[in-house]
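Remarks on the structure that follows.
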Amino acid sequence: MNRIKFETKVLHAKIKKQGVSNMNLSFEADNTVSDSGILHETDSNFELHSVSNQDLIQIFCQLENTENGVLFSSGELAIYQSILGLIKFGDHILVSKTCGYTINSILSKLSSRIGISYSYFDLAKPQKWESQIKANTKLILVETLSVPSLEIPDIHLLKRFCETHSLILIADNSLCTSYIQIPSDLGVDCVLYSNLNSIEGQFNLPGGVILGSDQYIEKIRKNLIETESNSSPLYGNLIVRGLETLAVRMDKQSSNALRVAEYLEKKQGVESVKYPFLASNSSYELAKKQMRFGGGIISFSMEGGVVRGKRFIESLKRISFSPKFSVRTTVNHPASTSHLSLPENLRIQMGAKSNIISLAIGLEHIEDILEELDTAITDSKITFKLYKNGKSTY
Numbered sequence: 039m040n041r042i043k044f045e046t047k048v049l050h051a052k053i054k055k056q057g058v059s060n061m062n063l064s065f066e067a068d069n070t071v072s073d074s075g076i077l078h079e080t081d082s083n084f085e086l087h088s089v090s091n092q093d094l095i096q097i098f099c100q101l102e103n104t105e106n107g108v109l110f111s112s113g114e115l116a117i118y119q120s121i122l123g124l125i126k127f128g129d130h131i132l133v134s135k136t137c138g139y140t141i142n143s144i145l146s147k148l149s150s151r152i153g154i155s156y157s158y159f160d161l162a163k164p165q166k167w168e169s170q171i172k173a174n175t176k177l178i179l180v181e182t183l184s185v186p187s188l189e190i191p192d193i194h195l196l197k198r199f200c201e202t203h204s205l206i207l208i209a210d211n212s213l214c215t216s217y218i219q220i221p222s223d224l225g226v227d228c229v230l231y232s233n234l235n236s237i238e239g240q241f242n243l244p245g246g247v248i249l250g251s252d253q254y255i256e257k258i259r260k261n262l263i264e265t266e267s268n269s270s271p272l273y274g275n276l277i278v279r280g281l282e283t284l285a286v287r288m289d290k291q292s293s294n295a296l297r298v299a300e301y302l303e304k305k306q307g308v309e310s311v312k313y314p315f316l317a318s319n320s321s322y323e324l325a326k327k328q329m330r331f332g333g334g335i336i337s338f339s340m341e342g343g344v345v346r347g348k349r350f351i352e353s354l355k356r357i358s359f360s361p362k363f364s365v366r367t368t369v370n371h372p373a374s375t376s377h378l379s380l381p382e383n384l385r386i387q388m389g390a391k392s393n394i395i396s397l398a399i400g401l402e403h404i405e406d407i408l409e410e411l412d413t414a415i416t417d418s419k420i421t422f423k424l425y426k427n428g429k430s431t432y
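In our numbering, the protein residues as written are 39 to 432.
If you want it as structure tokens, here you go:
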């Protein structure tokens, strides 16, 4: 039999029977347990999911092709305790220079509190990686897709490098999700989700997870400072319901995003556009090799710099300003929101220059998205009036 496709797997992931044995049902119905381990009410179209946190781990492992995992009540906790479980006092970590604010913030705290050191490396300059390895380097941490830089790591190359130097490779796959990319199939030792928003779909649930082989997950479990997720009983159920629509959501958001990126690239007044599946992108070939689609995030800048960008954002009507991603299209200015607290040099290193705008493309009809962007670009034009003394204003 051919390997089951992702779209089918998310709907029929098998949960071991202990996942349903503890359910306490208070209604009378002709209830049966399907071979997927999920309870169904056979007399109607109603479907009841009763999924524990361990059930959710089982589902994640099937989707990510990993052996085990640990679920946490927040993405920050997932990063923090995963690192603590895999390294010790005095160890050194190499982290991609474009990794997001949360990862950088946690590494800074770990460095100051428990003596773990870290340094940045450039994914685009593999010839320099060797010189950045120290005798106490134990782990490399990257994101499969970083915002706003939209930089992509060459996972095969990183894996070979890690094997040569006996390093653990962790990749945060939060933006891509397992539908767009399965890092464990490419050689990553541990797959991290520092947020589950894209998976859940409504973008309002906290949580994080680390997935990998039993060898690494057991190390993390033994070093837990806090217990696993103690979230609401609805938590696992909502995540599973979100998973069922993950493929169709990512299909739509990715196809919309590609159309928007191609439109922006040709639009007068737009200075630069970054999107993994744009043929002009420097990482295009790598993206096509590792990713199913380009995802829903676009970064771009406009002629006229920060002033033009501000006017553009203010001209948008339906597209709301938000640093969070959603099923609705949102716009963000990373330098003044998600990356604001970072020093300017670090913001620039992470791709959050002051003129960069990020678009998180949603599920609206593509023509409506393009029409609103076109209007905002036109309305944000800066016109100059020249005075006799040679000075200009707008």
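By construction, the Cβ of each residue, glycine as well, lies at the ideal position given by its N, Cα and C atoms. Only a predicted model underlies this, so the values are computations on that prediction, with no experimental measurement involved.
Test item: CB-CB of residue i and residue j under 7 Å
i: residue 357; j: residue 365; result: no
i: residue 376; j: residue 156; result: no
i: residue 337; j: residue 396; result: yes
i: residue 353; j: residue 414; result: yes
i: residue 129; j: residue 152; result: no
i: residue 219; j: residue 387; result: no
i: residue 250; j: residue 223; result: no
i: residue 91; j: residue 274; result: yes
i: residue 420; j: residue 342; result: yes
i: residue 409; j: residue 367; result: no
With 16 other Cβ atoms within 10 Å as the buried cut-off, status of residue i
i: residue 350; result: buried
i: residue 312; result: buried
i: residue 108; result: buried
i: residue 102; result: buried
i: residue 147; result: exposed
i: residue 371; result: buried
i: residue 61; result: In this predicted model, residue 61 has a pLDDT of only 35, less than 50, meaning its place in the structure is not dependable enough to derive any value.
i: residue 306; result: exposed
i: residue 363; result: buried
i: residue 84; result: Model confidence at residue 84 stands at a pLDDT of 35, short of 50, so the residue's coordinates are unreliable; what they give is reported in the following sentence. Residue 84 should be labelled exposed.
i: residue 378; result: exposed
i: residue 166; result: exposed
i: residue 308; result: buried
i: residue 418; result: buried
i: residue 136; result: buried
i: residue 43; result: exposed
i: residue 150; result: exposed
i: residue 64; result: With a pLDDT of only 32 at residue 64, under the threshold of 50, the placement of this residue in the model should not be trusted; the figure read from the coordinates follows. Counting Cβ neighbours within 10 Å, residue 64 comes out exposed, since fewer than 16 surround it.
Candidates the options: closest to residue i by CA position
i: residue 50; options: 98, 91, 90, 92; result: 98
i: residue 116; options: 273, 230, 394, 399; result: 230
i: residue 332; options: 300, 310, 354; result: 300
i: residue 243; options: 111, 327, 43, 378; result: 111
i: residue 297; options: 406, 89, 178, 125; result: 406
i: residue 198; options: 210, 168, 186; result: 168
i: residue 176; options: 141, 137, 127; result: 127
i: residue 41; options: 90, 91, 100; result: 100
i: residue 448; options: 125, 137, 90, 161; result: This structure gives no information on residue 448, because the portion of the chain shown stretches from 39 to 432.
i: residue 113; options: 91, 144, 131; result: 144
i: residue 259; options: 48, 304, 106; result: 106
i: residue 203; options: 150, 209, 132, 257; result: 132
i: residue 303; options: 291, 318, 292; result: 318
i: residue 291; options: 389, 158, 404, 166; result: 404
i: residue 45; options: 88, 330, 201; result: 330
i: residue 104; options: 252, 210, 261; result: 252
i: residue 345; options: 326, 361, 392, 310; result: 392
i: residue 355; options: 200, 257, 293, 411; result: 411
i: residue 254; options: 293, 289, 192, 205; result: 205
i: residue 310; options: 389, 47, 289; result: 389
i: residue 13; options: 158, 125, 47; result: Because the chain spans 39 through 432 in this model, residue 13 falls outside it and cannot be assessed.
i: residue 134; options: 293, 201, 192; result: 192
Presumed contact (8 Å Cβ cut-off) between residue i and residue j, rounded CB distance
i: residue 164; j: residue 188; result: The pair is not a contact, with the Cβ atoms about 19 Å apart (cut-off 8 Å).
i: residue 178; j: residue 207; result: 5 Å
i: residue 295; j: residue 347; result: At roughly 19 Å, the Cβ-Cβ gap does not stay under 8 Å, so residue 295 and residue 347 are not in contact.
i: residue 233; j: residue 225; result: Incorrect: roughly 23 Å between the Cβ atoms, too far for contact.
i: residue 190; j: residue 316; result: At roughly 12 Å, the Cβ-Cβ gap does not stay under 8 Å, so residue 190 and residue 316 are not in contact.
i: residue 502; j: residue 186; result: This structure does not reach residue 502, given that the chain is present from 39 up to 432, and the question cannot be answered.
i: residue 141; j: residue 210; result: 7 Å
Any C-beta of chain D under 7 Å from that of residue i
i: residue 393; result: In the structure shown, chain D cannot be found, because there is only a single protein chain.
On the three-pair Cβ rule with 8 Å, is the segment 177 to 184 touching the segment 209 to 218?
Of all C-beta pairs linking the segment 177 to 184 to the segment 209 to 218, three or more are shorter than 8 Å, placing the two stretches in contact.
With a cut-off of 8 Å, do at least 3 Cβ pairs link the segment 277 to 296 to the segment 220 to 238?
These segments touch.
Under 8 Å: do the segment 378 to 396 and the segment 161 to 174 share three or more Cβ pairs, one atom per stretch?
No: fewer than three Cβ pairs fall under 8 Å.
Closer than 8 Å is the cut-off here; do at least three beta carbon pairs connect the segment 86 to 96 with the segment 120 to 132?
Judged by Cβ distances under 8 Å, the segment 86 to 96 makes no contact with the segment 120 to 132, as fewer than three pairs qualify.
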